[in-house]
Amino acid sequence: DITEGIPKSVPMQSCRACGRFLNPPKQWVACQPESKELLTICLKRIKGLNKVKLIDASFIWTEAHSKRLKVKLTVQKEVYSGVILQQVFVVELVIHNFQCTNCHMVAADNTWRAVVQCRQKVDHKRTFYLLEQLILKYKAHTQTVSVKEVPDGIDFYFLHKNHALKFQDFVLSSVPCRNKGASERVLSEDLNNNKANAKYTFSLEIVPLCKDDVLCLHPRQYASQGNIGPVVLCTGVTQSLKLLDPVTMQRGELRQDVFFKNQRGALMTLRMATEYTVIDAELTGKSSGRMQQAEVTVARTRDLGSNDERFTCMTHLGNILQAGDVVMGYDLTTAVWNDAETKEWPKLQLPDVVIIKKVYPEQRRRSRKWKLRALIKQEEEGQYV
Numbered sequence: 001d002i003t004e005g006i007p008k009s010v011p012m013q014s015c016r017a018c019g020r021f022l023n024p025p026k027q028w029v030a031c032q033p034e035s036k037e038l039l040t041i042c043l044k045r046i047k048g049l050n051k052v053k054l055i056d057a058s059f060i061w062t063e064a065h066s067k068r069l070k071v072k073l074t075v076q077k078e079v080y081s082g083v084i085l086q087q088v089f090v091v092e093l094v095i096h097n098f099q100c101t102n103c104h105m106v107a108a109d110n111t112w113r114a115v116v117q118c119r120q121k122v123d124h125k126r127t128f129y130l131l132e133q134l135i136l137k138y139k140a141h142t143q144t145v146s147v148k149e150v151p152d153g154i155d156f157y158f159l160h161k162n163h164a165l166k167f168q169d170f171v172l173s174s175v176p177c178r179n180k181g182a183s184e185r186v187l188s189e190d191l192n193n194n195k196a197n198a199k200y201t202f203s204l205e206i207v208p209l210c211k212d213d214v215l216c217l218h219p220r221q222y223a224s225q226g227n228i229g230p231v232v233l234c235t236g237v238t239q240s241l242k243l244l245d246p247v248t249m250q251r252g253e254l255r256q257d258v259f260f261k262n263q264r265g266a267l268m269t270l271r272m273a274t275e276y277t278v279i280d281a282e283l284t285g286k287s288s289g290r291m292q293q294a295e296v297t298v299a300r301t302r303d304l305g306s307n308d309e310r311f312t313c314m315t316h317l318g319n320i321l322q323a324g325d326v327v328m329g330y331d332l333t334t335a336v337w338n339d340a341e342t343k344e345w346p347k348l349q350l351p352d353v354v355i356i357k358k359v360y361p362e363q364r365r366r367s368r369k370w371k372l373r374a375l376i377k378q379e380e381e382g383q384y385v
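Here our numbering is used: the first residue of the sequence shown is 1, the next is one more, and so on.
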């Protein structure tokens, strides 16, 4: 028997929580059933294979709940001069449930080693909804231990500092934000071996602007954008802010580094919008891409029948507007904001109305047949908007 000395039953460790297998001495590896990686780990656990020549190895099918793996081995060995024996036998590996290091840290207190804090000081969560879908699309959350929702943003917890740094780079490349710095808190220190156990915190601040917001540019931002505005409309948020001047139909992009050098808040946000009815619309001939400028006459929908107050303004939605349409816009004649936002422009002339979007009838609004995915978040005590 050339297989004498090779055990026919071998123990094997697997993590019950994450399903990974122990690759001695300390590495835990995620393997698919009957994969090459799993077969490699199984062969390492079988002692005595160095005394024979391994010809072939393959799995024999077993029930998933049996906690058994059967490996069929074909070995050869030279017993006499020029005489080689070949033998086929089966080794059974018994799976024992263990807990890997990462799962042990998750189950215990003080599980995380690094946290990325994303903050945006606004009264809505629209930018975080966009960031959440980007995280799910590119699977940037696979290394997170937990996700906690706080009043001003979201905290992402990780087991390793490198995972947090990688996630931080992803957020910086997805939405306009800046790195406010990092902090380190030492939990324990071994001076003899020059080792320390610490927790790391990385803070990100997202630009406090969103789509359909109106802002007044700082003179330096005004010069960097080719003298558009200074009152502009934010038409989109990507890695930078997409800006549009409804009066001149000029477009611009405001990068986060330029914005934070001379930070400005929004003059008007979507919650301050008023519903208007279009009385008349006439194209001016100016265009920017698919957008066409039009001079429109509007009236507040709530004032129809009570007074004849009308407003004339320029809009970038001339290609889709006609008399009778309902639009959402900002009423700058009655708006109140902080004078610090416009103090550099003492002779600034503001339009009466800034139109941001068209409102379609109820029958045209189609309900979604699909549902947006969402991150599983823990809520922290606080006041939510």
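Glycine included, each C-beta is placed from N, C-alpha and C at the ideal position.
- Cβ contact annotation for Gly-229 (same chain, cutoff 7 Å, sequence separation greater than five): Leu-217, Tyr-222 and Asp-245, in chain order.
- In the DSSP secondary-structure assignment, Ile-6 is not bridged to any residue.
- Between Asp-257 and Arg-178, the alpha-carbon positions lie close to 8 Å from each other.
- Boundaries cannot be given for Ser-81, as no alpha helix (DSSP H) includes it and DSSP labels it neither H nor E.
- Per the coordinates, the alpha-carbon of Lys-8 lies some 45 Å from the alpha-carbon of Asn-192.
- With contacts defined by Cβ atoms closer than 8 Å, Leu-321 and Val-359 do not form a contacting pair.
- Across the structure, Ala-182 and Leu-204 are spaced so that their CA atoms are roughly 9 Å apart.
- Excluding residues up to 5 positions away in sequence, Lys-8, Val-10, Ile-46, Val-71 and Leu-73 lie with their Cβ nearer than 7 Å to the Cβ of Val-91 in the same chain.
- Spatial neighbours of Asn-197 in its own chain (CB-CB distance under 8 Å, excluding positions within 5 residues in sequence) are listed in chain order as Val-186, Leu-187, Ser-188 and Glu-189.
- DSSP, read as helix, strand or coil, puts Tyr-157 in strand.
- Measuring C-alpha to C-alpha distances from Phe-21 to each of Thr-3, Ile-2, Gly-5 and Lys-44 identifies Lys-44 as the nearest.
- DSSP lists Lys-199 as the bridge partner or partners of Arg-185.
- Taking a cut-off of 8 Å for Cβ pairs, the stretch 343–363 and the stretch 262–282 touch, as three or more such pairs fall below it.
- In terms of Cβ geometry, Lys-148 and Lys-371 do not form a close pair [threshold 8 Å].
- For Lys-36, the enclosing alpha helix (DSSP H) begins and ends at 36–45.
- Taken through DSSP and simplified to helix, strand or coil, Glu-205 comes out as strand.
- A distance of 8 Å or more separates the beta carbons of Gly-265 and Gln-225.
- In the displayed model, Ala-57 falls within a strand according to three-state DSSP.
- Counting every other CB atom within 10 Å of its CB across the protein chains shown gives Arg-113 a total of 16 or more, marking it as buried.
- Comparing C-alpha distances from Phe-260 to each of Ile-2, Leu-241, Ala-107 and Arg-271 shows the shortest one belongs to Leu-241.
- Tyr-222: member of the alpha helix (DSSP H) spanning 219–224, first to last residue.
- At the C-beta level, Ile-2 and Lys-77 come within 8 Å of one another.
- In this chain, Gln-32 is not harboured by any beta strand (DSSP E), its DSSP state being neither H nor E.
- Secondary structure within the stretch 309–336: the beta strand (DSSP E) runs of 3 or more consecutive residues, fully enclosed, are 311–315 and 326–331 (chain order).
- Measuring C-alpha to C-alpha distances from Arg-16 to each of His-65, Lys-36 and Leu-39 identifies His-65 as the nearest.
- The distance from the Cβ of Val-327 to that of Phe-311 is about 11 Å, inconsistent with a contact at the 8 Å cut-off.
- Judged by DSSP in its simplified three-state form, Val-237 adopts strand.
- Rounded to the nearest angstrom, the Cβ distance from Pro-208 to Gln-117 is 16 Å, too far for a contact under 8 Å.
- When the beta-carbon positions are compared, Asn-102 and Leu-159 come within less than 8 Å of each other.
- Inter-residue distance for Pro-351 and Leu-332 is about 7 Å (C-alpha atoms, whole angstroms).
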